[in-house]
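Worksheet: the structure to be examined is printed underneath.
2 protein chains.
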Amino acid sequence: MIAKTKNGGVATLADVSRTAGVSIATASTVLNRPWSSKHITPATRERVRVAAAALRYRPNLAARALVSRRMQTVGVAAVVDGGELSHYFLEIFNGIVTAAAQRGQNTTAFTLRDWQQAAERIRDFCDGRIDGMILLAPTFTHAQVQLPAHIPFVSIHANSALPGVVNIESDEEAGAFALTQHLIARGHWRIMHLAGPAGLIGAERRISGYKRALAAARIPLDRELLVHAGYTAALGCEAMRAWLQKHAGEPLPHAVFCANDAVAIGCSEALAEVGLRVPADISVAGFDDSFAARAVVPQLTSVRQPLREMGARAVELLLARIGRASPASAAQPKAVVFPVELAPRASVGAAPRVEQAVPATAVAAARTP
Amino acid sequence: MIAKTKNGGVATLADVSRTAGVSIATASTVLNRPWSSKHITPATRERVRVAAAALRYRPNLAARALVSRRMQTVGVAAVVDGGELSHYFLEIFNGIVTAAAQRGQNTTAFTLRDWQQAAERIRDFCDGRIDGMILLAPTFTHAQVQLPAHIPFVSIHANSALPGVVNIESDEEAGAFALTQHLIARGHWRIMHLAGPAGLIGAERRISGYKRALAAARIPLDRELLVHAGYTAALGCEAMRAWLQKHAGEPLPHAVFCANDAVAIGCSEALAEVGLRVPADISVAGFDDSFAARAVVPQLTSVRQPLREMGARAVELLLARIGRASPASAAQPKAVVFPVELAPRASVGAAPRVEQAVPATAVAAARTP
DNA sequence: CTGAAAGCGCTTACAG
DNA sequence: CTGAAAGCGCTTACAG
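If you read the sequences in order, they're chains A and B.
Under our numbering, think of the first position of the first sequence as 1, with each following residue one higher.
Under our numbering, think of the first position of the second sequence as 370, with each following residue one higher.
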């Protein structure tokens, strides 16, 4: 029990075994497989334990990973546009980190400038430093990016089907439907939709729910009220501002259903610029029920997606697939769909008693040559 | 050039060397040390490159880490209270991930329930899976938690000096001073401070700046106006609500300087409950200049700490210390202090012309038996 | 200019 | 009940 570490540094299994007076194999068994160490003398087991504790032995994960081919780490790949990590990302990431930690797994974050560069970088990420990867809202297709076959992937809100990858999504169509229906129930019928980027499946599903709710209420779709903005506050503000300028003097929409909370915040800004009050003059609703939805005044009516839970589920599914044989050979897994929930708040009021017109904008018209 | 991988799986260096018809050592040199491979025939180098590309060779990081003792990964430890990752964390984390990625380093997040449990868990984290660690706003002392000596640490906003650890902080005292001075310049003099948790160095520094600004303007400190709330919106709301109830009928403060933006948002909520408008009736200011400060209406006057840059600097300093001999033997490194910046916004207005009294609260008084 | 060999710290059949 | 040995994939002196 006198022997210390050979090199004055971190203790290794060899140090422990030498100190305990047993072989490396025995030390390893005692420390890592308590159940199969039943066949080892209690006295021996105790000696090993004491030695490990005395030497502050910690297994070297790199060495262990080399033989077990498991790094006990899950990777998360996400696009960080313009250096901004959004709240959407934060919520999901939180769910992932927490769930992973509960299962003794680490989480390594990989941020990408855009999904186009993902092809080569994702491959780099998979060089034995992670056991599986979660893709956050990937927009690439199977044709653009071939995912490495040797580790499993799980995606959240993928924009297209990726072979062999389970996708976790939320029922955005139902959310958009419920939200639009809610607006209609409050007496609104001239309902505008500031939609997300054209072509993105999530944006399309929200549009689809919007249309279905209008149809269900027999409200004809007004093409002028369906505008593609994007997913940021700046784009929302810009889109609403442009719309107001173009439609000055025409009937004011009763409500605006925005692609997400950020867009709703930008939209409200544009409305405030021309003196319109939310919800007295016009109601506004968002989507995602992010932190921002509750931080703004008035608080935003929104649709809650259980982002935290979705992240946690991603970890579960990923872990279940790690180490399992040939996931590729399995049939394409079905998507996991989470329900969403309407979160009614102050930004949606009753329809105004009298119809209003879009105010003439004080803002200088966009300078066109 | 016919040989494929031995086991149908991922190609190893051995596969590459066999395919290229060279030794493993040569393949390794060509692939990893282009400069010292100058002494290798161009033809040989080319053969190795072609073979590596053809086999889609990717070095196994676990194996490399085992010999080089570098995982190319930095760890970030932070406390996630109540499952909430705050914006404060998000901003810094963003700076860290981005800076690390630029230097080819991965970032692994470790979340803790509290810093008390940090002792054992931090030790676990350092089992060769990271090369260094960044501590986010640690509150433990050296006596409570002994950091492992074999890897370097850098802290951000540490609450007490940790031996051998560089701390990155911002000049919170100056920020609080500038903010309070700004309020005074706008004509306010009955200025309340909803402070952070007692005992935390950051909270104390903000209090100190507040006091110094009052003293500089010869405004006597009113003990009733200095209240400890905490760092969350709920605590801010609660503290303000309690204060209003207790002080009904007394002169209303002109302005409230809150420990951070979340507290300011909670505070505004409490003010709104009794019909007080910001900034017409009372001005409110926050601290941190988080996303929330700009998301609320009216936007919050705040103090900007360059969190993103602080995270990036942490990575730089950490990388500089990784692999360098005995950081422990060096003298205690000096803290790195970042300047802060006042961000004046709409939540602070001019002092009202007439003094107001704290309105009687409509809320039922706390039921005491 | 290139290769054979040792070794990083661990796990796991396989012998005794 | 316990130990000797091979091997995970790589890097790096050290020989030729």
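Idealized CB from N, CA, C, for every residue including glycine.
Ala-248/A and Thr-180/A have their alpha carbons spaced roughly 24 angstroms apart. Inter-residue distance for Ala-185/A and Ala-255/A is about 12 angstroms (C-alpha atoms, whole angstroms). Of the residues assessed, Arg-129/A falls on the buried side of the cut-off, its CB having 16 or more other CB atoms within 10 angstroms. In the DSSP annotation of this structure, Met-609/B is not part of any beta strand (DSSP E); the continuous alpha helix (DSSP H) holding it starts and ends at 602 to 615.
Around the beta-carbon of Pro-507/B, 16 or more other beta-carbon atoms lie within 10 Å, marking it buried. Taking the Cβ atoms as the reference, Phe-125/A lies roughly 18 angstroms from Gly-311/A, outside the contact range of under 8 angstroms. Looking at the DSSP output, Asn-536/B sits in a beta bridge with Ser-524/B.
Nearest C-alpha to Tyr-231/A among Ala-215/A, Ser-290/A, Pro-253/A and His-182/A: Ser-290/A.
Ranked by Cα distance from Ala-585/B, the options Pro-702/B, Ser-386/B and Phe-546/B are led by Phe-546/B. Bridge partners of His-188/A according to DSSP: none are assigned. Assigned with DSSP and collapsed to three states, Gly-75/A falls in strand.
No residue range can be given for Gly-323/A, since it is assigned to no beta strand (DSSP E) and is classified by DSSP as neither H nor E.
The contact set of Gly-230/A on chain B, defined by CB atoms closer than 8 angstroms, is empty, because the minimum CB distance reaches about 18 angstroms.
If the five residues before and after Cys-606/B are omitted, its C-beta is found closer than 7 angstroms to the C-beta atoms of Gly-635, Cys-636, Glu-638 and Ala-639, all from its own chain and listed in chain order. The count of Cβ pairs closer than 8 angstroms, one atom from the region 218 to 231 of chain A and one from the region 195 to 203 of chain A, reaches three, so the stretches are in contact.
Counted as a single uninterrupted DSSP element, the stretch harbouring Thr-476/B is not any alpha helix (DSSP H) but the beta strand (DSSP E) occupying residues 475 to 481. Using a 10 angstroms sphere on the CB of Trp-35/A, the tally of other CB atoms stays under 16, which defines it as exposed.
Shown here is that no member of the region 610 to 625 of chain B has a Cβ falling below 9 angstroms from a Cβ of chain A. In summary, Thr-26/A is buried, with 16 or more beta-carbon neighbours lying within 10 Å of its beta-carbon over all protein chains present. Note: Arg-304/A is bridge-paired with Asp-288/A and Glu-341/A in the DSSP secondary-structure output.
For Asn-536/B, the number of other beta carbons within 10 angstroms of its own is at least 16, and it is reported as buried. At a cut-off of 7 angstroms, the C-beta of Asn-60/A has a neighbouring C-beta in chain B. Using a CB distance below 8 angstroms, the part of the region 477 to 492 of chain B facing chain A consists of Thr-477, Ala-478, Phe-479, Thr-480 and Arg-492, ordered along the chain. By the neighbour-count definition (other C-beta atoms within 10 Å, threshold 16), Thr-41/A is an exposed residue. As the crow flies, the alpha-carbon of Phe-338/A is around 41 angstroms from that of Leu-687/B. For the region 665 to 676 of chain B, the beta-carbon criterion of a distance under 9 angstroms to any beta-carbon of chain A is satisfied by Val-665, Val-666 and Pro-667. Using a CB distance below 8 angstroms, the part of the region 498 to 510 of chain B facing chain A consists of Arg-498, ordered along the chain.
Neighbours of Ala-432/B across chain A, judged by C-beta separation under 7 angstroms: Leu-66.
By the rule that beta-carbons nearer than 7 angstroms mark a contact, His-557/B does not touch chain A. Put simply, the backbone Cα of Gln-116/A is about 35 angstroms away from that of Leu-244/A. Interface criterion not met: the Cβ of Val-74/A is under 7 angstroms from no Cβ in chain B. Within chain A, the residues whose beta carbon sits less than 7 angstroms from that of Val-379/B are His-150, listed in sequence order. Counting every other CB atom within 10 Å of its CB across the protein chains shown gives Pro-648/B a total of 16 or more, marking it as buried. Between the region 335 to 349 of chain A and the region 381 to 389 of chain B, the count of Cβ pairs shorter than 8 angstroms is below three; the stretches do not touch.
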